[in-house]
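Chemist:
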Amino acid sequence: IGWIRNTKNWDKVKKIKDTKALFLLSNYVLHLKMGVEESLRKLEPILKQKIAIKFPTWIGVEKFERYYKKNGISLYPSIFNSIDLMKLYDIILTNGMSSINAESYLLGKTTINIYDESGFDENIKKLKNLLPNIIFIKNIFDLKIDRIKKQKRKSVLKPFNMHRAIELITQN
């Protein structure tokens, strides 16, 4: 869960030059099944719009990162903190039923969920009720990043105090 890493020391990461948005891939199992070449072919329509990507950490992710980088895709290493990266962008994209939806939304970001082949169509209504301004796009080819109107909401996601949490957990 990324929100637990919402710290005050996030200014160490830098935005990739000329990128307009950040795509935090959530539904990586689908991409594992596809393999690197098919995965890139699938995501190229959005990544070619100057959108940076960050994969979640999984066994073998380095192969995807190398392949995408070799093909000119703006990419953050999977080990980077997603919350830190979200703070750099106004528009955050994800796919699937991920905590990224809520984290981005609660940070006040324009949040886009591309649910193409995500397998959670039946849960979209629930997510819309919880996060009413989230933008849902069914087909990856329908996203035109320059047509997305940035939403202005105040961040309500507070930094997590790990020391206080440990203190509360270990109290007798």
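Taking the working numbering, the leading residue of the sequence shown gets -2, the next gets one more, and so forth.
Ideal Cβ positions, reconstructed from N, Cα and C, are used throughout, including at glycine.
Remember, predicted model here, so these are calculated numbers, not experimental data.
If you check the beta carbons only, do serine 152 and serine 95 fall under 7 Å apart?
Modeler: As a working note, residue 152 is residue 155 in the sequence shown. As a working note, residue 95 is residue 98 in the sequence shown. For serine 152 and serine 95, no; Cβs fall outside 7 Å.
Chemist: Could you check whether phenylalanine 52 and serine 79 sit closer than 7 Å to each other, using their CB atoms as the reference points?
Modeler: Against the sequence shown, residue 79 aligns to sequence position 82. Against the sequence shown, residue 52 aligns to sequence position 55. Their beta carbons are not under 7 Å apart, which means serine 79 does not touch phenylalanine 52 by this criterion.
Chemist: For leucine 124, which of helix, strand or coil comes out of DSSP?
Modeler: The residue given as residue 124 occupies position 127 in the sequence shown. DSSP places leucine 124 in helix when its eight states are reduced to three.
Chemist: Does the stretch 132 to 152 touch the stretch 43 to 57, meaning 3 or more C-beta pairs lie closer than 8 Å?
Modeler: Cβ pair count under 8 Å is three or more, so yes.
Chemist: Based on Cα-Cα distance, which residue from Tyr102, Asn98, Gly105, Thr107 lies nearest to asparagine 120?
Modeler: Translated into the one-based positions of the sequence shown, residue 120 becomes position 123. That would be Asn98, whose Cα lies nearest to the Cα of asparagine 120.
Chemist: Taking the Cβ atom as the reference point for each residue, do lysine 12 and leucine 128 lie within a distance shorter than 7 Å?
Modeler: The residue you call residue 12 lines up with position 15 of the sequence shown. The residue you call residue 128 lines up with position 131 of the sequence shown. Their beta carbons are not under 7 Å apart, which means lysine 12 does not touch leucine 128 by this criterion.
Chemist: On the premise that leucine 37 lies in contact with asparagine 68, defined as a C-beta separation below 8 Å, what is that separation, rounded to the nearest angstrom?
Modeler: As a first step, residue 68 must be located in the sequence shown, where it is residue number 71. As a first step, residue 37 must be located in the sequence shown, where it is residue number 40. Correct: roughly 6 Å between the Cβ atoms.
Chemist: Does alanine 162 pass the burial test, meaning 16 or more other C-beta atoms within 10 Å, or should it be called exposed?
Modeler: Residue 162 sits at position 165 when you count from the first residue of the sequence shown. So alanine 162 counts as exposed.
Chemist: Nearest-angstrom Cα distance between valine 58 and isoleucine 111?
Modeler: Indexing the sequence shown from 1 puts residue 58 at position 61. Indexing the sequence shown from 1 puts residue 111 at position 114. One C-alpha to the other measures close to 21 Å.
Chemist: CA-CA distance, threonine 16 and leucine 165?
Modeler: Here residue 16 refers to the residue found at position 19 of the sequence shown. Here residue 165 refers to the residue found at position 168 of the sequence shown. So the alpha carbons of these two residues sit roughly 41 Å apart.
Chemist: At 4 residues or longer, and completely inside the stretch 79 to 163: list those alpha helix (DSSP H) runs for me, N to C.
Modeler: The qualifying runs are 79 to 83, 96 to 103, 121 to 127.
Chemist: Taking all protein chains shown into account, do 16 or more other C-beta atoms lie within 10 angstroms of the C-beta of lysine 9, making it buried, or fewer, making it exposed?
Modeler: For this step, residue 9 is matched to residue 12 along the sequence shown. The residue in question, lysine 9, is exposed, as its Cβ has fewer than 16 Cβ neighbours within 10 Å.
Chemist: Taking buried to mean at least 16 other C-beta atoms within 10 Å of its own C-beta, is phenylalanine 20 buried or exposed?
Modeler: The sequence position of residue 20 within the sequence shown is 23, counting from 1. Phenylalanine 20 is buried by the Cβ-count criterion.
Chemist: Shortest alpha-carbon distance to asparagine 130 belongs to which of Thr167, Asp113, Leu40, Gln148?
Modeler: Taking the sequence shown and counting its residues from 1, one reaches residue 130 at position 133. With distances taken between Cα atoms, asparagine 130 lies closest to Gln148.
Chemist: Judging by CA-CA distance, which residue of Tyr102, Asp87, Phe61 is the nearest neighbour of tyrosine 25?
Modeler: Walking along the sequence shown from the start, residue 25 turns up at place 28. Measuring from the Cα of tyrosine 25, the nearest candidate turns out to be Phe61.
Chemist: Taking only runs that begin and end inside the stretch 7 to 49, name each unbroken beta strand (DSSP E) of 3 or more residues, in chain order.
Modeler: Within the stretch 7 to 49, the complete beta strand (DSSP E) runs of at least 3 residues are 18 to 21.
Chemist: Applying the criterion that 16 or more other CB atoms from any shown protein chain within 10 Å of the CB defines a buried residue, is threonine 167 buried or exposed?
Modeler: Residue 167 sits at position 170 when you count from the first residue of the sequence shown. The residue in question, threonine 167, is exposed, as its Cβ has fewer than 16 Cβ neighbours within 10 Å.
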